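S.K.:
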Amino acid sequence: MDRANDVWIEELSQPGPRREAALADLRADVLRGMRGALAGRAGVDDAFFEDTVQETLIKVLDRLETFAGRGRFVSWALAIAIRVAQTTIRKQRWQGVSLDRFKDERGGPPVDVADQSLGPERASLRSELLTAMHRVIHEQLTDKQWLALTAELNGMPQDEIARQLGSNRNAVYKLTHDARRKLRAGLEAAGFGAESWREAWES
Amino acid sequence: MNLSDDQIRALLQDVSRTRDQELTCDECLGELGSFAEQTLKGLPVEAAYDLVQQHLQVCGECREEFALLLKALECLAEPRP
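Protein chains in written order, with my numbering: chain W, -8 to 194; chain L, 18 to 98.
1) Can you tell me where the alpha helix (DSSP H) with methionine 124(W) in it begins and where it stops?
2) Take every Cβ of the stretch 157 to 168 of chain W, pair it with every Cβ of the stretch 32 to 45 of chain L, and state whether three or more of those distances are shorter than 8 Å.
3) Suppose you measure from the CA of alanine 94(L) to the CA of alanine 170(W); what does that come to, to the nearest Å?
4) Check whether the Cβ atoms of glutamate 82(L) and proline 148(W) sit closer than 8 Å, and answer yes or no.
5) Cα separation between glycine 87(W) and phenylalanine 39(W)?
6) Quick check: is the beta carbon of proline 111(W) nearer than 8 Å to any beta carbon in chain L?
7) I need the DSSP call for leucine 55(W), collapsed to helix, strand or coil.
8) Check whether the Cβ of glutamine 24(L) lies closer than 8 Å to any Cβ atom in chain W.
9) Can you pull the chain W neighbours of aspartate 67(L), defined as C-beta to C-beta under 7 Å?
10) Name, please, each residue of chain W whose Cβ falls closer than 8 Å to the Cβ of leucine 46(L).
11) Within the same chain, show all residues whose beta-carbon is closer than 7 Å to that of valine -2(W), passing over the 5 residues directly before and after it, in chain order.
12) Pairing CB atoms from the stretch 177 to 194 of chain W with CB atoms from the stretch 43 to 59 of chain L, are three or more of them under 8 Å?
13) Please state the DSSP three-state secondary structure of asparagine 161(W).
14) Between which two residues does the alpha helix (DSSP H) holding valine 21(W) run?
15) Closest Cβ-Cβ distance between methionine 25(W) and chain L: below 8 Å?
16) In chain W, what lies closer than 9 Å to threonine 58(L) by C-beta?
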């Protein structure tokens, strides 16, 4: 049954039979959307869908007040469901992989990737840019910022980084956002604007 | 700095897209449903979603979730079996 956004909010806000009916309809929509998006993936079965829908409905009820009313309520709820599902899938995929494996990535000198096939000017620009990057990373980024950034570049999800740091995804995002800002400012201060990054690195 | 060529390229790309003010993943999540609807309708992106688009450019996980959400909404739009 299709409802207007304010009807969803009204019905879900108060305990009772109207909330139960709304939850049953929302459950059916979320389940159908999720099955369409995720069916056939490894580790995704009926039990997975049931658990995900259950967790989603709890989160939806917790966050009702944050629904801004832009777009359909069901779309907002489905976005939450996809987040819940992907968080579980990523956790399973990265189980047993320690953040520690990325800890010494900052260690050595800049890697010399001055591929001569690039031509001497571009190779030299790359080399200078790398040296500047290395300096900014060493002098301005904290160990935690570089660890999170490196882990991300190696594909580790923010949820997993957060779990192992005893933090949360938003905090990890802020950590790497600050790291990116420092890198941008440091490179620009060293005379490397976005144009030179593109010139040096784009294929 | 044991990063591969591709990782350095990805890092520089993310750095070049970095803004002083960005949405967090949770803030982006709150807007993702309506942004996905607009995308599916092929409507021009409203300025209000500028920060959402920027977040999706630099956050691989939110980008992955957005792609799945588009798929989920398409399935939901199909007639029930």
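Positions of the beta carbon are idealized from the N, C-alpha and C atoms, including for glycine.
Note that this is a predicted model, so its numbers are computed, not measured.
M.R.: So, from the data block:
1) 111 to 131
2) yes
3) 41 Å
4) no
5) 20 Å
6) no
7) helix
8) yes
9) Simply none; closest approach about 14 Å.
10) Ala70, Ile71 and Arg74
11) none
12) no
13) helix
14) 8 to 29
15) yes
16) Here residue 58(L) is lysine; the residue named in the question, threonine, does not match the sequence. Here the premise fails: no neighbours, minimum Cβ distance about 11 Å.
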